[in-house]
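Engineer: Using this note's numbering, read the sequence shown as starting at 57 and increasing by one per residue.
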Amino acid sequence: MLNKLVIFGVGLIGGSVALALKKAGCTAQIVGVGRSSESLQTAIDLGVIDLASSNIKDAITEADLILIATPVAQTPAILNAIKPHLAANTVITDAGSTKNDVLSCAKEILGEQFSQFVGGHPIAGAEKSGVTAATADLYRNKNVVLTPAPATNPLAIRRVRELWQACGAHVSEMPAETHDGIFAAVSHLPHLLAFALVDEVASRPNAEQLFGFAASGFRDFTRIAGSHPEMWRDISLANKAALLSEITAYQKELSHLKQMLEQEDGDGLHALFERASVARNGWAKTKKL
57 MLNKLVIFGV
67 GLIGGSVALA
77 LKKAGCTAQI
87 VGVGRSSESL
97 QTAIDLGVID
107 LASSNIKDAI
117 TEADLILIAT
127 PVAQTPAILN
137 AIKPHLAANT
147 VITDAGSTKN
157 DVLSCAKEIL
167 GEQFSQFVGG
177 HPIAGAEKSG
187 VTAATADLYR
197 NKNVVLTPAP
207 ATNPLAIRRV
217 RELWQACGAH
227 VSEMPAETHD
237 GIFAAVSHLP
247 HLLAFALVDE
257 VASRPNAEQL
267 FGFAASGFRD
277 FTRIAGSHPE
287 MWRDISLANK
297 AALLSEITAY
307 QKELSHLKQM
317 LEQEDGDGLH
327 ALFERASVAR
337 NGWAKTKKL
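#1: Hey, how far is the Cα of R196 from the Cα of A189?
#2: DSSP three-state call for T126: helix, strand or coil?
#3: From the DSSP output, in three-state form, read off V66 for me.
#4: Could you say if the segment 148 to 168 and the segment 220 to 239 meet the contact criterion of at least three C-beta pairs nearer than 8 angstroms?
#5: Would you grab the beta carbon distance between A228 and V201 for me? Rounded to a whole angstrom, and I think it's under 8 angstroms.
#6: What does a CB cutoff of less than 7 angstroms around C82 pick up in its chain, not counting 5 residues either side in sequence?
#7: Which same chain residues end up closer than 7 angstroms to N295 when comparing Cβ atoms and leaving out the 5 residues on each side of it in sequence?
#8: Looking only at DSSP bridge pairs, what is F269 linked to?
#9: Just confirm the distance between the C-beta atoms of V87 and S109, as a whole number of angstroms; I'd bet it's less than 8 angstroms.
#10: My guess is that K355 and H141 are in contact by the Cβ rule of under 8 angstroms, so how many angstroms apart are they, rounded?
#11: Opposite A232 in the DSSP bridges: which residues?
#12: Use the C-beta contact count for V334: other C-beta atoms within 10 angstroms, 16 or more gives buried, fewer gives exposed.
#13: With DSSP as the reference, please indicate the residues paired to D255 in a beta bridge.
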């Protein structure tokens, strides 16, 4: 039951929220705020948002909910901009892929109004970015994690939960530290590996030949290297500690693989591949991939 929703960053994530709500029959006025007037005009032309505004005070006046759907490094500046105009009944949430850093800056900037902030992370996306990539079904049957703090108002949590449920998502809650550790392993590290592999291959003198013969294995492994560079730069730096730990663990596994290759340890390689295959197929079966 929203009357006015304000979205900072009307790209793939924010735009898909707007489209999902419209598809669900939500009649709230959806206002977009962003850095590019051209992108916002595209969002209006596509019917994603109802109104674009460059005036923060006007944009958030009488807003029921504010969604920050920008790269995480922009969050502090946005919170500082909205703080002087923030009403006591306006809920703020975000869609960032890291949560400890976001909650820390929200607590520092919002002060007594920190109880109105609910950390959030939709586990959905695509290698394409921008409002033209937005789709009404992006969150259908996908997971959304909320990371409320002890001080968070339960009514604010409920409102954000209902927002994502209206988009078709399954909503769960966990502490911010737990969230960041999990997604460093299963999301942030895979993206870094994909970026690194493509960058390394592209830097070789025979890169054109290599890409010419690359097939489905390379395509599937590196698909996410087409993701938004600014967003993944910010995520990597924001979750540095957990990500460094995961890189160290992965390097240890690679060293083990290298050693088995050097020693021509076929039994060891087969055992590792078997464990990985069983684990991966079991996970795919539960996810119905």
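Note that beta-carbon positions come from the ideal geometry of N, C-alpha and C, so glycine has one too.
Here the structure is a predicted model, which is why all the values come from computation and not from measurement.
Structural biologist: Reading it off the structure:
#1: Taking the sequence shown and counting its residues from 1, the one referred to as residue 196 is at position 140. Taking the sequence shown and counting its residues from 1, the one referred to as residue 189 is at position 133. In a straight line, the C-alpha of R196 is about 16 angstroms away from that of A189.
#2: In the sequence shown, residue 126 corresponds to position 70, counting from 1. In the structure shown, T126 sits in coil (DSSP, three-state: anything other than H, G, I, E or B).
#3: As a working mapping, residue 66 is identified with position 10 in the sequence shown. It is coil, neither helix nor strand.
#4: yes
#5: Counting from 1 along the sequence shown, the entry for residue 228 is found at position 172. Counting from 1 along the sequence shown, the entry for residue 201 is found at position 145. At residue 228 the sequence reads Ser, which differs from the Ala that was named. So it is a contact: roughly 6 angstroms between Cβ atoms.
#6: Indexing the sequence shown from 1 puts residue 82 at position 26. Cβ within range, chain order: L58, A222.
#7: Taking the first residue of the sequence shown as position 1, residue 295 is located at position 239. Within the same chain, N295 has close Cβ partners T154, D236, A240, H244.
#8: In the sequence shown, residue 269 corresponds to position 213, counting from 1. In DSSP, F269 forms no bridge with anything.
#9: By one-based count along the sequence shown, residue 87 stands at place 31. By one-based count along the sequence shown, residue 109 stands at place 53. Yes, V87 and S109 are in contact; Cβ-Cβ is about 6 angstroms, under 8 angstroms.
#10: The chain is shown from 57 up to 345; residue 355 falls before or after that span and cannot be answered.
#11: Locating residue 232 in the sequence shown gives position 176, where the first residue counts as 1. In DSSP, A232 forms no bridge with anything.
#12: Counting from 1 along the sequence shown, the entry for residue 334 is found at position 278. Result: exposed.
#13: The residue given as residue 255 occupies position 199 in the sequence shown. D255 is not bridged to any residue.
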